[in-house]
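Below is one structure, written out as structure tokens; the observations come after it.
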Amino acid sequence: HPCIAPLTGAFLGNETLYLVFPPAPYTLRSLLHFSPGALGDDWQLRFFLYQIIAGLAHCHKLEVFHGNITPSSVLITSSMWCWLTGFATTSIRREVFNPTTETSLVEDELEWRSQFKKWFRGELSNFDYLLLLNRLAGRRWGDRCFHTVMPWVIDFTAKPDQENDTGWRDLTKSKWRLAKGDEQLDFTYATAEIPHHVSDECLSELAVCIYKARRLPLLVLRRVVRSVYEPNEYPVNMQRLYHWTPDECIPEFYSDPEVFRSIHHGMGDLAVPSWAEDPEDFIRLHRSALESDRVSRQLHEWIDLTFGYKLSGEAAVLAKNVTLSTTAPSMPRSSGRRQLFSKPHPMRMTSSSKKNLLEQLEESASFCSSGRSLSPWYGVPVPDPDGHNSTNSDHPPVASNACEAILRNVAESDEKLWGELFQKLHFEQDDDVDDENVSYQRLVAWQREVSVLRPIRESEAADIFGIGCLVAEIFLQKPLFDSTSAAVWLERKSLPGTLNQLPPHVRIVVETTLAADIKRRPSAEKLLESPFFPPVVRSAYTFLSSFHFLASNHDRLFYAAKMAQQSAFALMGPVASELCAPACLSVIAHPYNDLDPMAVIILLKSLLQVLKQQASRRLLLPVVQSILQVSLN
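Sequential numbering of the sequence shown, starting at 9, is according to my numbering.
See the structure below:
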């Protein structure tokens, strides 16, 4: 199915079946966190949801239930097309690999509020709590571009000693600020076209590669650091490394002595300070410094700068921590600085605090309440009593596309077959596309129609509940349920008050999918038929589901041009055509050798005739400029 991640391979190892999927640059989760503007307007949001539900409806026809509908289970391709993935077998304990301990943690154990309370009481180490914050912020261990970040806690001028102020790093200021100085940052903020203090990530790919230079392949070092490998240019000891970089630290310097040992000819091992006997001794002392009372009393300040409220607003200006954004809000991103907290992070509970115990506990409780969205909830996984978590062999395969026979031989299909294909696809406009009152009235009538008792498996009902949570989160841009509201729902079946923040037409869909009586929840097919998805959305999906069924850009361009010749865009109208245009134009945005010029002209001309002026400028002009540049070169 075009909305289910295509399987490219599978292999069995250690009694585990590993499935291999092609890479997708984004997930719905990453877009919601780092570039919500890339999801577009109301029509584009509905179009995303239609794709997700279409993939789920196909699975339900096969009696396959997802069991894990979350923003992370939706992959998004470079042409902004959705793939459903992350299917869960509810009878198997779902686990998350933790590379620092080489053990597995059940996902429920990563629930932020409980972990924060453990850290606050001193029952969870600073190191492990920082790993959790990195995970919540989307940072990934091993990803050089968005690596897990840790603070430098000593400046390597002396052996860390809690009784002595010498040698400790000031955690109330960012490493960037310590390296550049306040005068330079003030000048940058006052004179830059876009006011900012920080022009780079708190941990750049360059810094990660230099930190780990002794272990990374030379190919990586030549690509990221310098094309000509010169081992003498890399810092030779930890003190030089610390003073060379304005970036923060990596967890390997607190956990992995191998990072110091070189595998390259001409590059010696990274030397540890004189007060450490060897890398193992340094790791022990460095980790001890991170867990010390001195650092614990200041760590919340560093969290505010890296993950918290000092990333935005007046607090960021005062902390000289305003970061330069390098991409437009509408550009999709898979990584970036994610602000987890909007309130100051509490200091770890210590006997030396100036606040009494009651004040510390009250501050902790208030902070926990403000961070509820960090513990999202999408429903309870339900085991299927009939065991239908895999395809039932008694059911014949369901065709994912009614036009597969023609599409499989797109280049060889004659005009008659193209005519048949066009008739099957059925494009239509909606005369009431801008009339919200008509749409709302239709949704109310639809809700009455589908909210009737029907037989439904608990696994299917759980998937529909997950879809409702997803619809709400996409429009709210925050999770509908957190651990507190989830507990209320499980006990009293009361929906969260944030539901009232949704537009009326969205609220109807969400309330219907979250019906307390699971027998009143609509099927995925009924959701696709709802007025929430008017003809313009269905027409765009009809066009692009066939488009994405094709594997090569050549075939996709051929298909788009043929459909344009049959007046598909004219029939769909400007709204649906605007939804289709980015995918169609992506195949010609970077011209390749066998690009058919006539097909390009047909496609561009057809879109130009249908799209509104603003959409034409935004979508077509960059493509035309790209083609002309290639032609001139």
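Each residue gets a CB set at the ideal place from its N, CA and C atoms; glycine is no exception.
- Only residues of its own chain outside the window of five on either side were considered, and among them PHE154, HIS155, THR156 and VAL157 have a CB closer than 7 Å to the CB of ARG147, listed in chain order.
- Distances from the alpha-carbon of GLY17 to those of CYS11, PHE29, HIS9 and PHE164 put PHE29 closest.
- Within the same chain, and ignoring the five residues on either side of ALA187 in sequence, the residues whose Cβ sits closer than 6 Å to its Cβ are PRO254.
- The criterion of a C-beta distance shorter than 8 Å is satisfied by TYR34 and SER342.
- With fewer than 16 neighbouring CB atoms inside 10 Å of its own CB, ILE609 falls in the exposed class.
- 8 Å or more divides the Cβ of LYS527 from the Cβ of ARG465.
- Minimum Cα-Cα distance from LEU214 among the listed residues ALA597, LEU229 and PRO203 corresponds to LEU229.
- Taking a contact to require three or more Cβ pairs closer than 8 Å, the stretch 122–139 and the stretch 188–203 do not qualify as touching.
- Going by beta carbons, VAL632 and PRO582 fall outside the 8 Å limit.
- Looking at the DSSP output, GLY17 shares a beta bridge with VAL28.
- Residue environment analysis places THR331 among the buried positions, since at least 16 neighbouring C-beta atoms fall within 10 angstroms of its C-beta.
- In this structure, TRP120 keeps its C-beta atom at 8 Å or more from the C-beta atom of GLY476.
- In the DSSP assignment, VAL206 falls outside any beta strand (DSSP E), carrying neither H nor E.
- Looking only at THR314, ASP163 and TYR242, the smallest Cα-Cα distance to ALA145 is reached by THR314.
- Each residue's CA atom was taken as its position, placing ASP312 and HIS353 some 6 Å apart.
- Between LEU587 and LEU627, the beta carbon gap of about 11 Å keeps them out of contact (Cβ cut-off 8 Å).
- Contact annotation: ARG356 and PHE128 have beta-carbon atoms nearer than 8 Å.
- Selection ILE516, PRO504 and LEU522 evaluated against SER493 yields PRO504 as nearest (Cα-Cα).
- If you look at ILE218, you'll find it in the alpha helix (DSSP H) that goes 213–219.
- Taking each of ALA591, VAL72, CYS90 and ASP173 in turn and checking the Cα distance to LEU36, the smallest one comes out for CYS90.
- Contact between PRO239 and LEU39 is ruled out by a C-beta separation of about 40 Å, above the 8 Å threshold.
- The beta carbons of MET246 and LEU278 sit closer together than 8 Å.
- The three-state secondary structure of LEU132, taken from DSSP, is coil.
- When ALA597, ARG302 and ASP604 are compared, the shortest CA-CA separation from GLU171 is found for ARG302.
- Straight-line spacing of the CA atoms in LEU488 and ALA569 works out to 42 Å.
- When DSSP assignments are scanned along the stretch 320–373, the uninterrupted stretches of alpha helix (DSSP H) that are 4 or more residues long and fall wholly within it turn out to be 321–326.
- With 16 or more other Cβ atoms from the protein chains shown falling within 10 Å of its own Cβ, VAL458 counts as buried.
- By the neighbour-count criterion, in which a residue is buried when 16 or more other Cβ atoms sit within 10 angstroms of its Cβ, ASP471 is buried.
- For TRP91, no alpha helix (DSSP H) segment is defined; the enclosing uninterrupted segment is the beta strand (DSSP E) at 90–92.
- The Cβ atoms of LEU92 and SER81 sit closer than 8 Å to each other.
- If you draw a straight line from the Cα of ALA284 to the Cα of PHE95, it is about 48 Å long.
- C-alpha of ASN508 to C-alpha of ARG515: approximately 7 Å in a straight line.
- Excluding the 5 residues flanking it on each side, LEU293 has same chain C-beta neighbours closer than 8 Å at LYS167, PRO168, TRP283 and ALA284, in chain order.
- Beta bridge pairing from DSSP links TYR262 with no other residue.
- For LEU382, the CB contacts under 7 Å within the same chain, skipping 5 residues up- and downstream, are TRP120, LEU144 and LEU348 in chain order.
- In the three-state reduction of the DSSP assignment, MET158 falls in the strand class.
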